[in-house]
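Numbered by UniProt numbering, the letters in the sequence shown go through residues 1 to 219 in order.
C-beta atoms are modelled at their ideal positions from N, C-alpha and C, and glycine is treated no differently.
Shown next, in structure tokens, is the structure this report addresses.
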Amino acid sequence: MSKKTGSSAAAPDMQSEVGVAIKPENDIFHYASNTHLEQRIQKATLFNDSRIKEPYNGDLIRCYAVVAPKESIGVRVNTTLSFFAINQKISNIWPQLFNEGEHLLISSNAVINSTQMKEVAVGDSAKLSEKTSLNFSVFGANCTINPKNIINKSIIMTSAIIEEGCNIENSIVGSRAVIKRGCVLKNCLIGPSYAVEEGTKRENQHLTNADGFMEIDIQ
């Protein structure tokens with residue numbers, strides 16, 4: 001969006017609806033900074049078509065949009081809650097996203113020995129052991145679920161490890177996290193690379209390293 005050029009004559013003051021004195025030229029561009037330093041940064045940017053053209057086509061204000069096919073499904077995932085919610089629904093909307101056989105909800109490369117599974121998604125090279133009850137959950141690539149585990153309505157991210165005898169419900173386990181033997185977690189958020197000690201029982205808690213952030217791999 002480029003600013004239109006107009007007459008240099010002084011414009012009369014006007015009164016806004018909220019009682020603030022403004023001038024007609026005080027449009028959205030009035031609030032968009034464009035300092036000399038910012039101009040130099042824009043000239044050095046790689047986001048331009050060529051050296052002879054201005055970056056971003058000379059637009060001071062830029063807005064981007066994606067025109068998606070009518071049959072696609074768009075979801076704004078900008079919070080942990082919305083990320084969790086769409087993962088819970090992934091098995092229901094999967095047939096609308098892909099043609100039959102195009103992309104499998106359960107990867108053919110996963111090692112699955114569990115016989116008690118309902119509405120799960122399983123990533124590449126995930127290992128789901130026998131004597132487990134896995135329901136309404138998502139298992140990321142290369143994660144390991146050991147025997148005697150109960151996992152309901154949860155997300156186990158990439159390369160996470162769940163040791164024996166755990167009960168995990170309505171929780172998110174971050175990538176590379178380790179849930180040690182005998183843990184009981186309900187409504188918990190486990191940060192990446194965090195190790196939950198053996199026999200831990202927690203509810204409604206966020207467990208993470210002091211400098212850890214929740215990483216979400218979108219593939």
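Below 8 Å, enough C-beta pairs join the stretch 160-172 and the stretch 138-145 to call them touching: three or more. Take residue 127, set aside five residues on each side of it, and the residues of its chain with a beta-carbon closer than 7 Å to its own are 111, 144, 145, in chain order. For residue 73, there is no enclosing beta strand (DSSP E), as DSSP gives it neither H nor E.
The beta carbon of residue 138 sits closer than 6 Å to the beta carbons of 87, 121, 155 from its chain, once the five residues preceding and following it are set aside; these are given in chain order. Put simply, the backbone Cα of residue 41 is about 51 Å away from that of residue 200. Judged by DSSP secondary structure, residue 105 falls outside any alpha helix (DSSP H); it is assigned neither H nor E. With a 10 Å radius around the Cβ and a threshold of 16 neighbouring Cβ atoms, residue 188 comes out buried. Per the coordinates, the alpha-carbon of residue 53 lies some 43 Å from the alpha-carbon of residue 175.
Taking residue 153 as reference, the option from 186, 61, 70 with the minimal CA-CA separation is 186.
Judged by DSSP in its simplified three-state form, residue 33 adopts coil rather than helix or strand.
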